[in-house]
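Numbering (the UniProt record's numbering), first residue to last: 1 to 67. From the three backbone atoms N, C-alpha and C, an ideal C-beta is built for every residue, glycine too. Below is one structure; the comments refer to it alone.
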């Protein structure tokens with residue numbers, strides 16, 4: 001089954017980035033577009049960049065995804 005997602009993106013996306021406001025805004029924007037959270041976020045320390053990196057999976061709201 002094919003789903004129509006914004007910008008023809010795959011039904012599963014992994015958003016990643018530095019743990020900052022911009023990342024939170026990207027996740028919030030995805031939710032506002034119709035994506036839903038999939039699983040828990042992940043965090044790790046990036047010693048080379050001296051920051052926390054985060055990841056959050058999202059899936060298209062219409063997709064029948066099994067966890």
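Comparing alpha carbon positions, the residue from 17, 38, 53 and 7 closest to residue 64 is 38. Residue 21: member of the alpha helix (DSSP H) spanning 21-33, first to last residue. Taking 8 angstroms as the cut-off, the Cβ atoms of residue 19 and residue 49 do not count as close. Note: residue 12 is bridge-paired with 59 in the DSSP secondary-structure output. The C-alpha of residue 54 is placed about 10 angstroms away from the C-alpha of residue 46.
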